[in-house]
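**Student:**
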Amino acid sequence: MTDKISRETIRNEAIDPDFVDSIVDAGADRLRTCIQCGTCSSVCPSGRRTAFRTRELMRKALLGLKDEVLSSPDLWLCATCLTCLERCPRQIKVTDAIIIMRNMAVEEGHMLPEHRKSSKKLLETGHAVPINAANLEKRKNLGLKEIPPTTHSSKKALADVQKIMKRTGFKKLITEDKEEN
Amino acid sequence: MAPKSFYHFLGCIIPHRYPSIESAVKLVFKDLGLGLLDMEGATCCPAPGVFGSFDRVTWATIAARNLTIAEAGGHPITTGCNGCFASLWDANHELKHDDELRDAVNENLAVIDREFKGTIEVWHYVDALYQLAGLDKIREKVTRPFDGVRMALHPGCHWMRPKLIKQKDDSERPRIFRELCETSGATYVPYKDELICCGAGGAVRTADVKIALEFTKQKFDSLLEAGGADVIVTPCPFCELQLDLGQVEIQKHFDEEYTFDVMHVVELLALAFGHEPDEFGLATHLQYMQRKSTPAWEKLGIKVEES
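Line by line, the protein sequences are chains A and L. Under this note's numbering, the residues of the first sequence are numbered 1 to 181, in order. Under this note's numbering, the residues of the second sequence are numbered 182 to 488, in order.
1. Please state if the CB of S118 of chain A and the CB of V231 of chain L are separated by a distance shorter than 9 angstroms.
2. Give every residue of the same chain whose Cβ lies closer than 6 angstroms to the Cβ of R11 of chain A, excluding the five residues on either side of it in the sequence, and list them in chain order.
3. Could you check if Q348 of chain L is buried or exposed, using at least 16 other CB atoms within 10 Å of its CB as the buried criterion?
4. Could you tell me which of A:S22, A:F52 and A:L62 sits nearest to T33 of chain A, measuring between CA atoms?
5. Where V238 of chain L and E296 of chain L are concerned, what is the direct C-alpha to C-alpha distance, given to the nearest angstrom?
6. Exposed or buried, which one is E180 of chain A when buried takes at least 16 other CB atoms within 10 Å?
7. Apart from the five residues just before and just after P89 of chain A, which ones in its own chain have a Cβ nearer than 8 angstroms to its Cβ?
8. Could you work out which residues of chain A lie near A223 of chain L, taking near to mean beta carbons separated by less than 8 angstroms?
9. Please state if the CB of A245 of chain L and the CB of A223 of chain L are separated by a distance shorter than 9 angstroms.
10. How would you list, in chain order, the residues of chain A whose beta-carbon sits under 9 angstroms from the beta-carbon of A388 of chain L?
11. Given a limit of 8 angstroms on CB to CB distance, which residues of the stretch 396 to 420 of chain L reach chain A?
12. Taking only the alpha-carbon atoms, compute the straight-line gap between I243 of chain L and F419 of chain L and give it to the nearest angstrom.
13. Of all the residues that make up the stretch 29 to 46 of chain A, which are near chain L by a beta-carbon distance shorter than 8 angstroms?
14. Would you kindly work out how many angstroms separate the C-alpha atoms of K433 of chain L and G315 of chain L, rounded to a whole number?
15. Looking only at C-alpha atoms, which of L:T475, L:M341 and L:D279 sits nearest to T83 of chain A?
16. Under 9 angstroms, do Y372 of chain L and L424 of chain L count as touching if we go by C-beta distance?
17. Going by beta carbon distance, what residues of the same chain come within less than 6 angstroms of A365 of chain L, once the five residues before and after it are set aside?
18. Kindly indicate the opening and closing residues of the beta strand (DSSP E) around F187 of chain L.
19. Do you know offhand how far I293 of chain L's Cα is from K163 of chain A's?
20. With a 10 Å radius around its C-beta and 16 neighbouring C-beta atoms as the bar for buried, classify A157 of chain A as buried or exposed.
21. Of all the residues that make up the stretch 213 to 237 of chain L, which are near chain A by a beta-carbon distance shorter than 9 angstroms?
22. Check each candidate in L:C338, L:R198, L:L310 and L:V390 and name the one with the smallest Cα separation from L217 of chain L.
23. Could you tell me which residues DSSP puts in a beta bridge with M332 of chain L?
24. So, at 7 angstroms on beta carbons, what are the nonlocal neighbours of W270 of chain L in its own chain, with the 5 sequence-adjacent residues on each side left out?
25. For A134 of chain A, does the count of other Cβ atoms within 10 angstroms reach 16, so buried, or fall short, so exposed?
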């Protein structure tokens with residue numbers, strides 16, 4: 001007998017029972033107490049205009065759908081405004097959970113090319129938004145130090161922060177093109 | 182004893198895109214008797230929603246390196262950016278409370294002969310102005326009140342959220358930023374979407390600028406429904422970039438024209454304290470540079486010599 005219901009069966013292989021533990025251990029307290037009320041989605045300014053659904057993401061995390069969650073570009077649509085966290089009736093650290101999952105996604109090689117570019121800027125200059133010619137000119141006209149007293153004016157400081165990024169593995173994380181989205 | 186001098190954490194957007202904020206804060210802090218010290222060798226904070234999303238330990242270590250520069254000199258840090266504040270305040274807080282993270286970070290810092298000790302505090306300009314200078318002293322300095330100017334606010338997110346951790350203001354009904362801005366004499370204009378994010382945060386602007394701009398458009402439309410405003414004031418340069426340059430980008434991507442003047446709170450106060458716009462370069466905002474336009478001086482009640 002056949003029916004016309006379109007079923008979306010979640011297979012056992014898709015479920016990683018340790019996924020939620022790893023998120024909680026990394027600091028997203030009370031994630032298991034989620035009652036799927038949807039407050040997070042309803043206050044989300046990103047969800048208002050994109051397919052990003054915070055409640056769905058929390059549910060998938062609880063189910064252990066690790067690969068699906070980590071490979072989804074939607075994970076990157078949260079603006080981290082913290083409104084969901086402020087309003088969650090269970091006081092779940094929703095935004096923390098999202099950041100933790102993003103860390104895991106990057107570790108698995110899921111990183112948007114634009115984000116890789118920003119990371120390379122940080123690695124090369126010590127700044128995500130480095131100085132440019134137009135602003136050197138503006139600074140000069142305003143009587144400010146043309147080159148600000150940041151890593152832009154200290155080779156030692158830049159070398160130090162680059163050392164940190166090499167040591168933590170960040171340099172490898174962003175320069176190794178494991179798997180583009 | 183309350184500090185009188187701060188290490189001035191510049192970050193990226195203030196010195197590299199909106200240096201007028203850097204000039205304005207120097208004027209305002211000087212007028213109020215607050216010192217700003219250069220923080221030699223500081224890096225990107227690093228952006229919390231961006232680099233914090235990629236690798237928490239790297240984020241915390243680079244933030245901690247910035248904190249150690251201030252620890253060595255024994256003064257607290259002040260920053261005029263919600264994002265930098267989120268990185269430095271949060272990292273400082275987490276490193277003081279999470280031994281495991283602190284150990285990991287200090288092992289990394291040992292490679293460059295630094296150690297996070299947890300001896301200083303991080304202040305937003307808003308905190309320094311509100312708590313240290315105080316509203317009364319600020320009001321005394323106002324010589325050019327913005328009488329009759331309609332002022333909308335965009336407090337942004339990370340200066341006050343999460344409220345249970347930051348414990349400064351009720352982020353659902355904030356009043357501190359409003360009270361500070363009202364010292365300028367401008368009239369506060371409430372609008373429905375005052376508290377929504379500008380759209381730039383969390384690596385969204387980098388990932389997809391059009392989605393980020395849709396947040397901004399929602400904010401502008403909500404403000405227009407409330408009757409519009411002569412100026413939008415924010416405590417954050419990244420929000421300022423999104424609201425200011427964002428208008429040029431909205432025109433490009435959506436073919437809709439908005440013409441709001443946007444100021445950082447220290448730019449508003451510099452003007453209210455009687456400084457001329459040229460003294461700190463108000464007209465260098467990216468919106469004016471790219472549109473080849475000027476601030477709506479008349480609406481702001483500021484007389485300028487036409488050059």
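Ideal Cβ placement from N, Cα and C applies to all residues, glycine included. For clarity, every value in this text was computed on a predicted model and none was experimentally measured.
**Tutor:** According to the data block:
1. If you number the second sequence from 1, residue 231 of chain L lands on position 50. If you number the first sequence from 1, residue 118 of chain A lands on position 118. Closer than 9 angstroms, so yes.
2. For the purposes of this step, residue 11 of chain A is identified with residue 11 of the first sequence, where counting begins at 1. Counting only Cβ-Cβ distances below 6 angstroms, and skipping sequence neighbours, we find nothing.
3. On the second sequence, position 167 is the one that residue 348 of chain L refers to. Looking at its Cβ environment, which holds fewer than 16 other Cβ atoms inside 10 Å, Q348 of chain L is exposed.
4. For this step, residue 33 of chain A is matched to residue 33 along the first sequence. For T33 of chain A, the nearest C-alpha among the options comes from A:L62.
5. Mapped onto the second sequence, residue 238 of chain L falls at position 57. Mapped onto the second sequence, residue 296 of chain L falls at position 115. Computed Cα separation, rounded: 15 angstroms.
6. Taking the first residue of the first sequence as position 1, residue 180 of chain A is located at position 180. Because the pLDDT at E180 of chain A is just 45, under 50, the model does not fix this residue reliably, and the point stays unresolved.
7. Working through the first sequence from its first residue, we reach residue 89 of chain A at position 89. I35, C37 and T39.
8. Stepping through the second sequence from its first residue, residue 223 of chain L is reached at position 42. The answer, in chain order, is P149, T150, T151 and A157.
9. As a working mapping, residue 223 of chain L is identified with position 42 in the second sequence. As a working mapping, residue 245 of chain L is identified with position 64 in the second sequence. In terms of Cβ geometry, A223 of chain L and A245 of chain L do not form a close pair [threshold 9 angstroms].
10. Taking the second sequence and counting its residues from 1, one reaches residue 388 of chain L at position 207. Think of a sphere of 9 angstroms around the beta carbon of A388 of chain L: the chain A residues whose beta carbon falls inside it are P73, W76, L77, L112, E114 and H115, in chain order.
11. Under the 8 angstroms Cβ criterion, the stretch 396 to 420 of chain L contributes F396 and Q399.
12. Numbered from its first residue, the second sequence carries residue 243 of chain L at position 62. Numbered from its first residue, the second sequence carries residue 419 of chain L at position 238. Answer to the nearest angstrom: the Cα atoms are 20 angstroms apart.
13. Identification of residues in the stretch 29 to 46 of chain A having a C-beta nearer than 8 angstroms to some C-beta of chain L yields P45 and S46, given in sequence order.
14. Position 252 of the second sequence holds residue 433 of chain L. Position 134 of the second sequence holds residue 315 of chain L. Roughly 42 angstroms separates the two Cα atoms.
15. Your numbering for residue 83 of chain A matches position 83 in the first sequence. The option with the nearest alpha carbon to T83 of chain A is L:M341.
16. For the purposes of this step, residue 372 of chain L is taken as the residue at position 191 of the second sequence. For the purposes of this step, residue 424 of chain L is taken as the residue at position 243 of the second sequence. No, the Cβ-Cβ distance between Y372 of chain L and L424 of chain L is not below 9 angstroms.
17. Position 184 of the second sequence holds residue 365 of chain L. For the record, residue 365 of chain L in the displayed sequence is Ser; it is not Ala. In its chain, beyond the 5 residues on either side, F327, L449 and A453 have a beta carbon closer than 6 angstroms to the beta carbon of S365 of chain L.
18. Here the question's residue 187 of chain L lines up with position 6 in the second sequence. For F187 of chain L, the uninterrupted beta strand (DSSP E) segment begins and ends at S186 to F190.
19. On the second sequence, residue 293 of chain L is found 112 positions in, with the first residue counted as 1. On the first sequence, residue 163 of chain A is found 163 positions in, with the first residue counted as 1. Approximately 8 angstroms, taken between the alpha carbons.
20. Your numbering for residue 157 of chain A matches position 157 in the first sequence. Residue environment analysis places A157 of chain A among the buried positions, since at least 16 neighbouring C-beta atoms fall within 10 angstroms of its C-beta.
21. Of all residues in the stretch 213 to 237 of chain L, D219, M220, E221, G222, A223, T224, C225, C226, P227, A228, P229, G230, V231, F232, G233, S234, F235, D236 and R237 have a Cβ within less than 9 angstroms of some Cβ in chain A.
22. As a position in the second sequence, residue 217 of chain L is number 36, starting the count at 1. Of L:C338, L:R198, L:L310 and L:V390, the residue nearest in Cα terms is L:L310.
23. The residue labelled residue 332 of chain L in the question sits at position 151 within the second sequence. M332 of chain L pairs with L:Y369 and L:V412.
24. Position 89 of the second sequence, counted from the start, is the residue given in the question as residue 270 of chain L. Same-chain partners within the cutoff: V303.
25. Position 134 of the first sequence, counting from 1, holds the residue named residue 134 of chain A. With fewer than 16 Cβ atoms within 10 Å of its Cβ, A134 of chain A is classed as exposed.
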